[in-house]
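To start, the structure under review is shown below, and the notes come after it.
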Amino acid sequence: MSSKLIKIFFFFILALTLFNLISSFRPPRQIVLGQQVDLENQKAFWEDMIFKYPTYRQAWEELAKVEEKLGNTKEAQEAADTAKQISPNSP
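Using the numbering used here, you'd call the opening residue of the sequence shown number 93 and step up by one each time.
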């Protein structure tokens with residue numbers, strides 16, 4: 093009886109280890125709908141701010157952060173580059 097329990101326990105540990113290993117190869121967590129809507133609202137806000145104040149460096153930086161969170165790597169880099177062009181000496 094105890095050897096059967098040991099085999100079951102070993103199988104359980106093996107299955108759990110495999111599950112964790114497979115989980116580690118998953119892509120980053122997906123954005124749920126509520127977060128997606130919130131990020132889209134933030135994006136619209138910063139785009140509106142940039143439309144009104146095109147040389148507002150912080151707006152470009154915030155837009156870059158939002159674009160990155162949305163997974164828009166190219167757009168995030170473009171916004172970050174624009175912020176850097178506006179104020180090259182800023183950190």
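Ideal Cβ positions, reconstructed from N, Cα and C, are used throughout, including at glycine.
Since the model is a prediction, treat every value here as computed from it, not as a measurement.
Query raised in the report: Is residue 113 near residue 161, with beta carbons less than 8 Å apart?
Result: Walking along the sequence shown from the start, residue 113 turns up at place 21. Walking along the sequence shown from the start, residue 161 turns up at place 69. Against a cut-off of 8 Å, the Cβ pair of residue 161 and residue 113 comes out as no contact.
Query raised in the report: According to the neighbour-count rule (16 or more other Cβ atoms, all chains shown, within 10 Å of its Cβ), is residue 156 buried or exposed?
Result: Within the sequence shown, the letter at position 64 stands for residue 156. Residue environment for residue 156: buried (at least 16 other C-beta atoms within 10 angstroms of its C-beta).
Query raised in the report: Should residue 158 go down as buried or exposed, given a rule of 16 or more other Cβ atoms within 10 Å for buried?
Result: As a position in the sequence shown, residue 158 is number 66, starting the count at 1. By the neighbour-count rule (16 or more Cβ atoms within 10 Å), residue 158 is buried.
Query raised in the report: For the putative contact between residue 178 and residue 138, defined by C-beta atoms under 8 Å, what is the C-beta separation to the nearest angstrom?
Result: If you number the sequence shown from 1, residue 178 lands on position 86. If you number the sequence shown from 1, residue 138 lands on position 46. The pair is not a contact, with the Cβ atoms about 14 Å apart (cut-off 8 Å).
Query raised in the report: Would DSSP call residue 117 helix, strand or coil?
Result: Indexing the sequence shown from 1 puts residue 117 at position 25. Coil.
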